[in-house]
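Q:
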Ligand SMILES: [Zn+2]
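Residue numbers (this note's numbering): 3 to 142.
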């Protein structure tokens with residue numbers, strides 16, 4: 003476990019508006035958030051704002067130390083989505099009912115598969131969030 007100061011943790015959380023920077027799940031009692039090293043510590047990634055993002059525990063577990071994944075469409079290996087260098091809306095889109103994340107690019111599709119961003123429990127949660135009017139998140 004890498005030490006992250008409370009100030010750095012707060013900065014990364016506020017920068018992400020409290021949402022998972024991969025699957026966009028909001029921080030809630032049922033959605034625990036952790037900090038992800040975009041370039042894993044095992045691969046030399048530093049504990050600095052430019053290499054950290056906020057993630058839910060699910061996305062973090064499936065991302066693990068992976069940096070690349072296979073695009074299911076082209077079968078090519080591509081880098082995972084990088085929330086610091088890339089824009090979510092350029093790689094992902096919400097399905098019309100707001101419950102599924104669709105990959106717009108090879109990076110988007112590969113990241114969805116690797117992080118299992120449409121896993122059953124998060125899709126069920128999104129269905130409730132849509133009914134409550136909380137989802138999909140609105141951009142500011
Ligand atoms: Zn997530």
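In this text, a Cβ means the ideal position worked out from N, Cα and C, and glycines have one as well.
Identify, in the order they occur along the chain, each residue of the same chain with its Cβ nearer than 7 Å to the Cβ of residue 128, setting aside the five sequence neighbours on each side.
A: What you label residue 128 is simply residue 126 of the chain shown in a count that begins at 1. The residues are 100, 101, 137.
Q: Under the criterion of a Cβ to heavy atom distance below 7 Å, does residue 34 qualify as lining ligand 1?
A: To locate residue 34, count along the chain shown from 1; it is residue 32. The answer is no for residue 34.
Q: So is residue 140 buried or exposed if we call it buried at 16+ other beta carbons inside 10 Å?
A: Numbered from its first residue, the chain shown carries residue 140 at position 138. Label assigned to residue 140: exposed.
Q: Just checking my contact of residue 64 with residue 116 at CB under 8 Å: how many whole Å lie between their CB atoms?
A: Mapped onto the chain shown, residue 64 falls at position 62. Mapped onto the chain shown, residue 116 falls at position 114. Sure, about 6 Å apart at Cβ, within 8 Å.
Q: What's the C-alpha gap between residue 82 and residue 42?
A: For the purposes of this step, residue 82 is identified with residue 80 of the chain shown, where counting begins at 1. For the purposes of this step, residue 42 is identified with residue 40 of the chain shown, where counting begins at 1. Looking at the two C-alpha atoms, the distance is approximately 12 Å.
Q: Within 7 Å: the Cβ of residue 24 and any heavy atom of ligand 1?
A: Against the chain shown, residue 24 aligns to sequence position 22. Yes; taking the cut-off as 7 Å, the Cβ of residue 24 has a heavy atom of ligand 1 nearer than that.
Q: Using 8 Å for Cβ pairs, my map puts residue 33 next to residue 58. What's the rounded Cβ distance?
A: Looking up residue 33 in the chain shown gives position 31. Looking up residue 58 in the chain shown gives position 56. Yes, residue 33 and residue 58 are in contact; Cβ-Cβ is about 5 Å, under 8 Å.
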